[in-house]
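In terms of mature numbering (1 follows the signal peptide of the UniProt record, and there is no 0), the sequence shown is residues -18 to -1, 1 to 764. The next block holds one structure in the form of structure tokens; read it before the comments.
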Amino acid sequence: MELRLIVTALCLFGVIHSVPLNQWNTGSCSQQCSSQMVNFNYQVGRTYLYNYDSVTRLNAPNQNDAGIRIVANVEISVLTNCEFALQLRNVRVQGLGNENEYSRALEQFPLLFSYDDGRVNSVCPSPDDEQWAVNVKKAIVSNLQVSMKNLHDSETTQETDILGDCETNYEVTSNSWQGIFIKKQKNARSCAQRQIATIALFPRSYSAPESSYRNFPVFASDYVCNYNIQSGIIRSSSCVEQSSLLPLAASSAASPVETKTKITFQQEFQSIRVYAPSTSYRQNLLYAANPEAENQDPQQMANILRNLVPSVSNGVQDSAPELFQQLVTAIQKSEQSPEKLAHLYESVQRKEFSQSEKLFDLFKDALCMAASESSIKVCVEKVLNDKNLSQMKLMYYSMYFATANQPTKGAVKSACQMLESQELPRQTVLGLSSLIHNYCNDNEEECKHNEYIKRAQQALARGLPNKCRQNDPQQVTEAVSYMKAIRNMGYSGEATRALFQCAASSNNIECRIAAIEALENDACDSYVQQKLAEIRQNAHENEEVRIAAYKAEMSCQNVTYEQLNNILQMIKQESSKQVGSYIESDIESKLQSSNPMEAELREQLQRLKHSENFFPRDIRKYSSRLVYSKYLERFGLGYEAEVDVIHQKDYHYRAMRAKFSLQGFERDVEVIEIGLRHDELHQKIASFIASQQQSRSVSEMINQALKHAKEILSGRNNVDGSLFVRIDGKDVFYCNLNDLKEISQSESNEIVNSWKTYLKNLANSENAMAITPVDVKFETLT
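If you want it as structure tokens, here you go:
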């Protein structure tokens, strides 16, 4: 049973990049047609009958399930030189329930397709045909595609079919009276639009057309097709694909999914009339997920909640994760108004479905995770505005926004409206702005003209210059949070001038740095470049601010030769050892890096031949950037670890951050970055270290540490500090010492006792939480 569920999902409901329906077709499916056919000799007005046999199975140990098998007669009718029609007859589907229903659906509508001397440029299904049935027909057409310039010479070409847009190698293995025999192999790692990898902390599309590695390395795949072509007709096509989970690919536990298809020519006859649809969508041959899936029945959410009850009433059962994912999907696809969704929320809260608190927790998680227009509003208004919600819970739910995969345009609208109209907690602001960033990752141009995003930026920027000039710590903290939210959105847009005002006029260094960092996404803009260069070059400016401006400049992906030369010329005359030391260490790190995304930058720096060291490099006293990177060309993947340390003029360190990144698909994925900065904290640290010389036991050291911590948090000194955490390049957490002052009101034994109680009750907790860390699906040949 498990095999059938898995393979059914792979065959029929696997999710890849949503394929756009390119054009509404009211005439010919073919958009281009070669004037002379070189490879094939299919005759207009004739129909070619093939037998089709496909089996998909999971080759698991001790698994005797036959998998899913589709057997059919395939009629290929030639309407014009490049206009073909596929019709399935006598279809038998084995291994699924309702097999007769599947068979009728596959037989019901023909599929028109463009066949230009072997290459399939487009398909035109009936608008009434079900998407899964269209995908099966696309797979059959894919097995008849031979994209060669001629059938006598081996070649490597780029080919688009059901498996994706892949580098494809054609090898002519034999040419005799029995026909031409051709072997086709695909480089699976080169296939774009083959899958979508949903990773909770890094919601983005993993594909890069310009890279030789164009999909997420989760599955190891082998694909081979063998053709026999006689007299310009495909006599047989036999294809095999095996896919295994990459971490297990070399193990006996790999359990590969294997698909075997065979198409065999039977006979040729005069065409009967093909009733082609009068209107249809013109599509490419890629597997199409169901982007316009039917809206979920509003009652479905209630039904899933009822099914969840026995799965969470007595602990969390094995069935709970699948039901939870169904609940998230149902919320995403539902067109329920926020009012109706809020009513369902209140029903669950009143325990109308179950007395278990776990069900309510899971429903709140699903609401915040779904990232639809209605769920965002309900999550913010009902869940996050709960006055009894702890700061830890607030951060937890806000993280769902930051990790939302493929949020809808409606979700972005709701997020912007929330940011525009309400005074929200800091973590909620960061979460909602991160959700907007996730949407804009794959809709960059649309976001730049999105009216709701513009209004949200204006709302966040409103009053920023005034807040930045305040000495009130609460006002400064709010300003820093808003600027981090603007940075999260991916571009500063309407807030650019307000950010520069904060960068220039704030009395708080952290505020100025946050403003500069918020401009990093627009570092390639000429106006932003000019202003950042002015800050960097100003010798009277604060050293930490100048370093921040330099880093923002270098964040542009297309730093020009002139910019680099200007920076290097400045170093020769630089009077600040902190600024000069940081810039030189950064340039040296870039020259030694193996990051392929910085290859062009390295070439430009090498042309400039900067080899002199004008400044000291002692990281204990001077500002520096240290980087270690490794790139594995074989896999198209790499990693980079970096540490930034910023010192003051008196050599005491002021700020430090550490970042770990992965490289792949011609892009950087910033896995995590943690930053810490302080004002005057070094004096307290020195005092604490001196006090340890008199401490005789571990307990005395702990008491001394708590005593110093309470003094720092008491507010009776000028010490200030902050901490931020970024995941996937987005600020998801930010706090300062003022946020921790409430802890100083408790005795140390009370803190310890509260943690003991929490850990003791954790195992018996009535609460539950859920998250989908990784979800990768791919299509097969069936």
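Ideal placement from N, C-alpha and C gives every residue a C-beta, glycine not left out.
Best match in the options for proximity to residue i [C-alpha to C-alpha]
{"i": "Asn423", "options": "Val73, Gln440, Pro389 and Leu406", "result": "Pro389"}
{"i": "Leu267", "options": "Asn125, Thr155, Ala384 and Asp368", "result": "Asn125"}
{"i": "Phe247", "options": "Leu31, Gln456 and Asp454", "result": "Leu31"}
{"i": "Arg171", "options": "Lys631, Ile164 and Ser203", "result": "Ser203"}
{"i": "Arg599", "options": "Met579, Leu587, Glu585 and His629", "result": "His629"}
{"i": "Asp702", "options": "Glu556, Cys493 and Gln399", "result": "Cys493"}
{"i": "Glu141", "options": "Gly100, Asn157, Trp159 and Asn117", "result": "Gly100"}
{"i": "Ser415", "options": "Met465, Glu460, Leu371 and Gly445", "result": "Met465"}
{"i": "Asn547", "options": "Ala485, Ser563, Gln519 and Leu587", "result": "Leu587"}
{"i": "Gln18", "options": "Cys64, Ile58, Leu573 and Lys166", "result": "Cys64"}
{"i": "Lys378", "options": "Ile553, Arg616 and Asp347", "result": "Looking at the sequence provided, one finds Tyr at residue 378 rather than Lys. Nearest option by C-alpha distance: Asp347."}
{"i": "Asp166", "options": "Asn157, Ala174 and Met130", "result": "In the sequence under discussion, the amino acid at residue 166 is Lys, which differs from the Asp named in the question. When only C-alpha atoms are compared, the closest one is Met130."}
{"i": "Ala174", "options": "Gly146, Ile529, Thr155 and Arg437", "result": "Gly146"}
{"i": "residue 768", "options": "Leu614, Tyr564, Tyr621 and Asn595", "result": "Residue 768 lies beyond the residue range present for the chain, which begins at -18 and ends at 764; the question has no answer from this structure."}
{"i": "Val222", "options": "Val206, Phe383 and Asp504", "result": "Val206"}
{"i": "Val458", "options": "Val102, Ile164, Tyr84 and Asp721", "result": "Asp721"}
{"i": "Tyr509", "options": "Thr478, Asn524, Asn157 and Ala443", "result": "Thr478"}
{"i": "Val310", "options": "His325, Ser356 and Phe66", "result": "Ser356"}
{"i": "Val116", "options": "Tyr610, Asp632, Gln519 and Ala87", "result": "Ala87"}
{"i": "Ala443", "options": "Lys631, Ser474 and Glu57", "result": "Ser474"}
{"i": "Phe597", "options": "Ser557, Glu405, Glu476 and Leu514", "result": "Ser557"}
{"i": "Gln452", "options": "Asp632, Gly49 and Cys484", "result": "Cys484"}
{"i": "Ser218", "options": "Arg584, Val462, Val56 and Met579", "result": "Val56"}
{"i": "Asp650", "options": "Ala441, Asp632 and Leu619", "result": "Leu619"}
{"i": "residue 766", "options": "Cys506, Ser319, Gln373 and Gln555", "result": "Here the chain comprises residues numbered -18 to 764, so residue 766 is not present and cannot be evaluated."}
{"i": "Ile286", "options": "Asn367, Ala530, Gln399 and Pro303", "result": "Pro303"}
Beta-carbon proximity of residue i to residue j, cut-off 8 Å
{"i": "Glu149", "j": "Asn169", "result": "yes"}
{"i": "Val365", "j": "Leu341", "result": "no"}
{"i": "Ile52", "j": "Val20", "result": "no"}
{"i": "Asp111", "j": "Phe91", "result": "yes"}
{"i": "Ile517", "j": "Met471", "result": "no"}
{"i": "Pro447", "j": "Ala480", "result": "yes"}
{"i": "Gln314", "j": "Ser354", "result": "yes"}
{"i": "Phe22", "j": "Gly214", "result": "yes"}
{"i": "Arg639", "j": "His660", "result": "no"}
{"i": "Glu526", "j": "Ile498", "result": "no"}
{"i": "Tyr34", "j": "Ile144", "result": "no"}
{"i": "Pro107", "j": "Gln281", "result": "no"}
{"i": "Ile358", "j": "Ser396", "result": "yes"}
{"i": "Val37", "j": "Lys242", "result": "yes"}
{"i": "Tyr621", "j": "Gln645", "result": "yes"}
{"i": "Val714", "j": "Ala384", "result": "yes"}
{"i": "Pro109", "j": "Tyr327", "result": "no"}
{"i": "Asn151", "j": "Thr138", "result": "yes"}
{"i": "Ile211", "j": "Thr29", "result": "no"}
{"i": "Val294", "j": "Ser329", "result": "no"}
First and last residue of the uninterrupted beta strand (DSSP E) at residue i
{"i": "Gly475", "result": "Neither: Gly475 is in no beta strand (DSSP E) and is coded neither H nor E."}
{"i": "Leu619", "result": "Leu619 to His629"}
{"i": "Met351", "result": "Element bounds for Met351: not the beta strand (DSSP E) but the alpha helix (DSSP H), Glu339 to Ala352."}
{"i": "Glu250", "result": "Val239 to Gln252"}
Extent of the continuous alpha helix (DSSP H) run through residue i
{"i": "Cys148", "result": "First-last for Cys148: Gly146 to Ser158, but that is the beta strand (DSSP E), not the alpha helix (DSSP H)."}
{"i": "Val510", "result": "Ser508 to Gln519"}
{"i": "Ile498", "result": "Ile491 to Ala500"}
{"i": "Ala312", "result": "Ala302 to Lys315"}
{"i": "Ile358", "result": "Glu355 to Val360"}
Closer than 8 Å to chain B by CB, residue i
{"i": "Thr29", "result": "In the structure shown, chain B does not exist; there is a single protein chain."}
| How about the stretch 622 to 630 and the stretch 596 to 612: do they share at least three Cβ pairs that are nearer than 8 Å? | yes
| Uninterrupted beta strand (DSSP E) stretches inside the stretch 531 to 617 (no shorter than 3 residues) | 606 to 614
| said: Does the stretch 704 to 714 come into contact with the stretch 635 to 655, if we say contact requires no fewer than three beta-carbon pairs (one atom in each stretch) closer than 8 Å? | reply: yes
| If you scan the stretch 62 to 140 from start to end, which runs of the alpha helix (DSSP H) of 4 or more residues do you find wholly inside it? | 81 to 90 and 113 to 124
| Quick one: any contact between the stretch 9 to 16 and the stretch 76 to 87, if contact means 3 or more CB pairs under 8 Å? | no
| Would you say the stretch 559 to 568 touches the stretch 519 to 539, given that touching needs at least three Cβ pairs under 8 Å? | yes
| What are the start and end residues of each continuous alpha helix (DSSP H) run of 4 or more residues lying completely inside the stretch 416 to 478, in chain order? | 426 to 430, 433 to 443, 446 to 450 and 455 to 470
| query | In chain order, which beta strand (DSSP E) runs of at least 3 residues are fully inside the stretch 370 to 408? | reply | none
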